[in-house]
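**Student:** Residue numbers (this note's numbering): 49 to 316. By construction, the Cβ of each residue, glycine as well, lies at the ideal position given by its N, Cα and C atoms. From a predicted model like this one, the values you see are computed outputs, not experimental measurements.
(1) By how many angstroms is the C-alpha of residue 286 removed from the C-alpha of residue 120?
(2) If you compare alpha carbons, which of 266, 83 and 282 is closest to residue 94?
(3) For residue 264, tell me which candidate among 216, 200 and 256 has the shortest Cα-Cα distance.
(4) What are the residues that DSSP puts in a beta bridge with residue 112?
(5) Give the secondary structure of residue 64 by DSSP, where H, G and I count as helix, E and B as strand, and everything else as coil.
(6) Rounding to the nearest angstrom, what Cα-Cα distance links residue 255 and residue 173 in this structure?
(7) Ordered along the chain, which non-local residues of its own chain (more than five positions away) have a Cβ less than 7 Å from that of residue 145?
(8) Considering residue 269, what are the terminal residues of the beta strand (DSSP E) in which it resides?
(9) Which residues mark the beginning and the end of the alpha helix (DSSP H) in which residue 207 is found?
(10) Once DSSP output is grouped into helix, strand and coil, what is the label at residue 242?
(11) Residues in its own chain within less than 7 Å of residue 278 by CB, not counting five upstream and five downstream?
(12) Alpha carbon to alpha carbon, how far is residue 89 from residue 293? Give it in angstroms, no decimals.
(13) Could you tell me whether the Cβ of residue 224 comes closer than 7 Å to any Cβ of chain C?
(14) So, with DSSP's three-state summary, where would you put residue 293?
As structure tokens, this is what we get:
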């Protein structure tokens with residue numbers, strides 16, 4: 049006798065479900081709600097509502113107005129929603145730019161996003177070359193030895209970098225890897241000055257990458273546009289002469305699509 053496959057709804061965790069009910073109870077008409085109102089609206093006991101609110105408040109998803117005692121959605125809710133909207137728009141805006149970049153140099157192009165000490169590839173367009181380097185989508189790599197990661201770390205302060213790498217060992221993946229924090233900080237200052245980063249066989253021998261920073265409307269560096277390929281095709285001369293201008297131009301186009309005004313940062 050075959051076992052019946054359970055529906056997803058049968059795996060629902062009741063406490064999580066109720067916490068989401070509380071968050072969804074707020075709307076444009078009801079910005080703030082009290083414990084009693086939520087209890088009546090959701091059909092839950094006041095004690096249960098209070099405990100759920102306390103948990104959500106500790107995580108920043110709910111905040112309490114000290115004057116009225118009522119609750120409203122917290123800043124963390126906005127941050128999570130903003131991340132979703134940002135990534136949704138970022139990939140959509142980047143796709144034609146990556147396609148054009150590949151068309152101009154016939155090398156694999158990718159979009160990487162920094163997540164703590166790692167970089168995650170969220171979009172990629174392949175070269176037609178038989179020998180190719182293809183970053184895996186969703187794959188996490190150490191940011192300090194990848195072009196896309198370094199070009200995003202380069203605009204952070206030394207103190208922030210220390211926090212990012214606290215508890216993380218800078219592993220030497222190849223003889224070219226920078227595995228000393230002080231040397232990395234010095235290197236990142238140079239990356240910031242140049243406006244691009246090169247992974248010179250730092251993560252994997254025989255592979256080079258080059259990337260430029262992408263900024264959004266708030267002038268923050270939010271991603272890196274890069275190219276990767278085998279060393280025989282990615283000579284340092286070709287990188288500097290041909291590929292750097294291409295990735296910088298692609299990153300600039302994507303930044304403008306995200307609302308970044310060229311020259312606005314320098315004018316500040």
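**Tutor:** In this structure, then:
(1) 55 Å
(2) Residue 94 has its Cα closest to that of 83, out of 266, 83 and 282.
(3) Here the closest residue by C-alpha is 200.
(4) 119
(5) Residue 64 falls in the helix class under three-state DSSP.
(6) 17 Å
(7) Result list for residue 145: 298, 301 and 302, in chain order.
(8) 269 to 278
(9) 206 to 212
(10) helix
(11) 179, 181, 254 and 255
(12) Taking the CA atoms as reference points, residue 293 sits about 58 Å from residue 89.
(13) Looking for chain C here will not work: only one protein chain is present.
(14) Helix at residue 293.
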